[in-house]
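Below is one structure, written out as structure tokens; comments come after it.
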Ligand code: 0GY
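In this note's numbering, the protein residues as written are 3 to 314.
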């Protein structure tokens, strides 16, 4: 469906594009056995899986081989591979990666409202368990609610969930729509809080009340994307993105059974630095401070959502 012909010229990366970190450090924090990275992507490789014409950026390649190498390096067991917007609604790179993981990955797709039942069944068989709705304006042109409602109605019978990506300022406008969807909801990156605002202020509190209002799960992901302070740590310490910690910590404390963790590799659209993925793992024990919280965040919660009934 998407293989490029030998004549297809490869597109150049978006100017200023930051490539993923080549030699990530070994984390000090040992991830528990069975850890699931619930938010990562694959980019191409472009020669095999061309990027979508409607994309808003052209990334470097980041295929399944590199993703699985990182998985093994960090001590992760399984991945949930989320369709990246640079591939539009052509899920073939992501599905190919899920298949290559041989049972150790699940997928989240982007589909159009006219997707057929048979296409959805094929995706389910391949390992897909959710669909992503993206409301971030720099990534997608439109997100028509009627189309999204149609998609949600089609995937609900498969037991899938909807992954939501939005900016925190848009939650008041979107909340009613989210609440009307017939599936569990999984929110990317804690709803992208402005971490310069108080963690107990009205904006983040509103987000937490939204989480409380239904079957809503939260990815406590992307400190590197949300941080204003950045990766600077005290000399000799491996604790980066400290300004994001109170937000992640509050979510884990209030909803220990509905939080998920992930790397966001290969980290699309970062502009000031590319994180050392080893440091992202060392961020985890600041969010989930007890062994019980860590096991829920990293193993039990994602297993119940993506591999229900399966033992680690
Ligand atoms: C993320 C965040 C971003 C991009 C995408 O699919 C994507 O292109 O998800 C972003 O630019 O904030 O979750 O990887």
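From the three backbone atoms N, C-alpha and C, an ideal C-beta is built for every residue, glycine too. These numbers come from a predicted model, not from an experiment.
Item                                                                                                             : Value
Residue 43: CB within 7 angstroms of a non-hydrogen atom of ligand 1                                             : yes
Contact check, residue 203 vs residue 29, beta carbons under 8 angstroms                                         : no
Alpha-carbon spacing of residue 3 relative to residue 97, whole angstroms                                        : Here the model assigns residue 3 a pLDDT of 43, short of 50, so the residue's position is not dependable and the matter cannot be decided.
Enclosing alpha helix (DSSP H) for residue 308 [first to last residue]                                           : 303 to 308
Residue 166: first and last residue of the uninterrupted alpha helix (DSSP H) it sits in                         : Note, residue 166: premise wrong, no alpha helix (DSSP H); beta strand (DSSP E) at 163 to 167.
Beta-carbon gap between residue 275 and residue 241 smaller than 8 angstroms                                     : no
Local conformation of residue 3 per DSSP, three classes                                                          : Any reading at residue 3 must be qualified, since the residue scores a pLDDT of 43, below 50, and its modelled position is unreliable; no value is offered.
Those residues which DSSP pairs with residue 135 across a bridge                                                 : 166
Nearest-angstrom Cα separation, counted from residue 224 out to residue 71                                       : 20 angstroms
Where residue 98 falls: helix, strand or coil (DSSP)                                                             : helix
Cβ contact (3+ pairs, closer than 8 angstroms) linking the stretch 291 to 298 and the stretch 74 to 83           : no
Neighbourhood of residue 59 by C-beta, 7 angstroms cutoff - its chain only, sequence neighbours within 5 removed : 16, 88, 270, 271
Cutoff 7 angstroms; reference residue 230; Cβ partners in own chain excluding five residues on either side       : 197, 198, 245
Inter-residue Cα distance where the pair is residue 49 and residue 150                                           : 31 angstroms
Cβ-Cβ separation, residue 95 to residue 46 (assumed contact under 8 angstroms), whole Å                          : 6 angstroms
One or two residues paired with residue 45 in a DSSP bridge                                                      : 64
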